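Heads up: the sequence shown begins at 1 in full-length UniProt numbering, then just goes up one per residue. A quick write-up on the structure given underneath.
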Amino acid sequence: MNTHVTAYIDGKKDWQTGICTSLRETVHSTLPGVVEVFQYGKPHFTVDGTNVAVLHVAAAKVSFMVFGAQDIEPVPGVLRSLGSGDRKAVDFREGDAVDPAYIADLLRRVAGTN
């Protein structure tokens, strides 16, 4: 685990830290050999040097964005499209729970397309 990523997560509000920790654990359990990189001020998760996902914490939400998601359809209220559609994000707010199975499915799908 990357110490910069740990410091980023630990420096957030309790509810954000909980969500980030759950997402981080899901990434590691889903993608063996994933590498954490602290890049552009945010935790990135890479496989074979390619970005697969990134965590971003804002004041009122935690966003988990996956790369290489052009073949994954957005789900209103759950999964939003970013940019030209090659990136998708799940947003979590205080009181939300992480669905590890859903996140793992997203990760497996994008890891296969990167």
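The C-beta atom is built at its ideal place from N, Cα and C for all residues, glycine as well. Since the model is a prediction, treat every value here as computed from it, not as a measurement.
Cα-Cα separation between residue i and residue j, rounded to whole angstroms
i          : j          : result
residue 60 : residue 29 : 27 Å
residue 98 : residue 63 : 11 Å
residue 66 : residue 47 : 12 Å
residue 45 : residue 9  : 14 Å
residue 38 : residue 20 : 14 Å
residue 74 : residue 93 : 18 Å
Bridge partner(s) assigned by DSSP for residue i
i           : result
residue 105 : DSSP lists no partner for residue 105.
8 Å Cβ cutoff met for residue i and residue j
i           : j          : result
residue 107 : residue 35 : no
residue 100 : residue 3  : no
residue 86  : residue 70 : yes
residue 72  : residue 24 : no
residue 16  : residue 78 : no
Whole-Å CB distance - residue i paired with residue j, under 8 Å assumed
i          : j          : result
residue 31 : residue 42 : In fact, because the Cβ distance is near 18 Å, the residues do not count as touching under 8 Å.
Exercise for the section: Note down, one range per segment and in chain order, each alpha helix (DSSP H) of at least 4 residues found wholly within the region 8-92. Expected result: 14-30
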